Amino acid sequence: AQSVTQLGSHVSVSEGALVLLRCNYSSSVPPYLFWYVQYPNQGLQLLLKYTSAATLVKGINGFEAEFKKSETSFHLTKPSAHMSDAAEYFCAVSVRRELTFGGGTRVLVKP
Amino acid sequence: KAGVTQTPRYLIKTRGQQVTLSCSPISGHRSVSWYQQTPGQGLQFLFEYFSETQRNKGNFPGRFSGRQFSNSRSEMNVSTLELGDSALYLCASSLTTGDHYEQYFGPGTRLTVT
């Protein structure tokens, strides 16, 4: 069975600082990995996905994630946080056409 | 291109009633999946439909069911509602079925059971 763990349910960063959200997965098959963002009272928006073409994946809004097979990790980063990045972020793995999500990390951006 | 649409956006029902939620996928998308989001359990997979056939089902009781129509629109039904069914129900569509196809989510239907 596959599982996804996101370390830290809440992260607080200052505007302009690095955003780092951690995600570790376990999967019995080569994973397809995704990061989604959810703003209040909205659905999930796809930030990026790992397709095995490259270990460093660039997404929308300046986010990127690095796939590390040896660490079974897919951490999400953004060099400089913006106030509009305040939201909840979910890491997910897709196996048998079913997305399994981590518990989510809520990001607070301080001015 | 229009995104995934879900109707209604909000619903209030009473225990024991049944409810039907509707989802229209992105034009051209043929796979539709449903997820339940609650504060306690997080995001959980309900089922996936492709070509009017249920392809996969999550660990939910039989009170939760769904269907897909020939135009790829999908509905999910919950019968004999329980208080624990209060949640945000999210529909997602993808071009076709397969793990490497990204899923695009609608805004959700927030169901409150009283």
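Read top to bottom, the protein sequences are chains A and B. Each number in my numbering comes from the position in the first sequence (counting from 1) with 710 added on. Each number in my numbering comes from the position in the second sequence (counting from 1) with 170 added on. Glycine included, each C-beta is placed from N, C-alpha and C at the ideal position. Values in this document were obtained by computation on a predicted structure and should not be read as measured data.
Partner residues on chain A for residue i, Cβ-Cβ distance less than 8 Å
i, result
"residue 276 of chain B", "753"
"residue 260 of chain B", "753 and 754"
"residue 215 of chain B", "808, 809 and 810"
"residue 218 of chain B", "807 and 808"
Contacts of residue i in chain B (Cβ-Cβ under 8 Å)
i, result
"residue 806 of chain A", "226 and 269"
Beta-carbon contacts of residue i that lie in its chain and below 8 Å, excluding the five residues immediately before and after
i, result
"residue 774 of chain A", "758, 766, 767, 768, 786, 787 and 788"
"residue 196 of chain B", "171, 172, 173, 174, 263 and 274"
"residue 793 of chain A", "725, 819 and 821"
"residue 186 of chain B", "250 and 251"
Residue i - containing beta strand (DSSP E), residue span
i, result
"residue 218 of chain B", "212 to 220"
"residue 263 of chain B", "257 to 264"
"residue 805 of chain A", "797 to 805"
"residue 732 of chain A", "729 to 736"
"residue 775 of chain A", "774 to 778"
"residue 782 of chain A", "It is not in any beta strand (DSSP E) - residue 782 of chain A carries neither H nor E in the DSSP assignment."
"residue 761 of chain A", "Here residue 761 of chain A belongs to no beta strand (DSSP E), and DSSP marks it neither H nor E."
"residue 744 of chain A", "742 to 748"
"residue 281 of chain B", "279 to 283"
"residue 176 of chain B", "175 to 177"
"residue 725 of chain A", "Residue 725 of chain A -> no beta strand (DSSP E), and no H or E assigned at all."
Residue i: contacting residues in chain B (beta-carbon distance under 9 Å)
i, result
"residue 761 of chain A", "270"
Sheet register partners of residue i (DSSP bridge)
i, result
"residue 720 of chain A", "A:816"
"residue 246 of chain B", "B:191 and B:236"
"residue 203 of chain B", "B:218 and B:262"
"residue 770 of chain A", "In the DSSP output, where bridge partners are listed per residue, residue 770 of chain A has none listed."
"residue 227 of chain B", "B:217"
"residue 274 of chain B", "B:263"
"residue 251 of chain B", "Partner(s): none; residue 251 of chain B has no beta bridge."
"residue 197 of chain B", "DSSP, once it has assigned bridges, lists no residue as partnering residue 197 of chain B."
Contacts that residue i makes with chain A (C-beta to C-beta distance below 7 Å)
i, result
"residue 273 of chain B", "809"
"residue 212 of chain B", "811, 813 and 814"
Distance CB(residue i)-CB(residue j) smaller than 7 Å
i, j, result
"residue 805 of chain A", "residue 737 of chain A", "yes"
"residue 784 of chain A", "residue 818 of chain A", "no"
"residue 260 of chain B", "residue 278 of chain B", "yes"
"residue 249 of chain B", "residue 283 of chain B", "no"
"residue 247 of chain B", "residue 190 of chain B", "yes"
"residue 791 of chain A", "residue 727 of chain A", "yes"
"residue 749 of chain A", "residue 797 of chain A", "yes"
"residue 184 of chain B", "residue 220 of chain B", "no"
Cβ shell of residue i (< 6 Å), same chain only, five flanking positions each side left out
i, result
"residue 194 of chain B", "175 and 243"
"residue 755 of chain A", "747"
"residue 224 of chain B", "217"
"residue 165 of chain B", "Outside the shown range of chain B, which is 171 to 284, sits residue 165 of chain B, and nothing can be said about it."
"residue 799 of chain A", "731, 747 and 815"
"residue 716 of chain A", "733, 801, 812, 813 and 815"
"residue 718 of chain A", "815"
"residue 280 of chain B", "180 and 258"
"residue 253 of chain B", "283"
Cross-chain neighbours of residue i in chain B, by beta carbon under 7 Å
i, result
"residue 742 of chain A", "269 and 270"
"residue 800 of chain A", "213"
Close Cβ partners of residue i (< 7 Å) along its chain, the five nearest in sequence each way excluded
i, result
"residue 240 of chain B", "222"
"residue 214 of chain B", "205, 206 and 228"
"residue 739 of chain A", "805"
Cβ-heavy atom distance, residue i to the ligand FMN, below 6 Å
i, result
"residue 812 of chain A", "As presented, the structure is devoid of all ligands, the ligand FMN included, so that no description of it is given."
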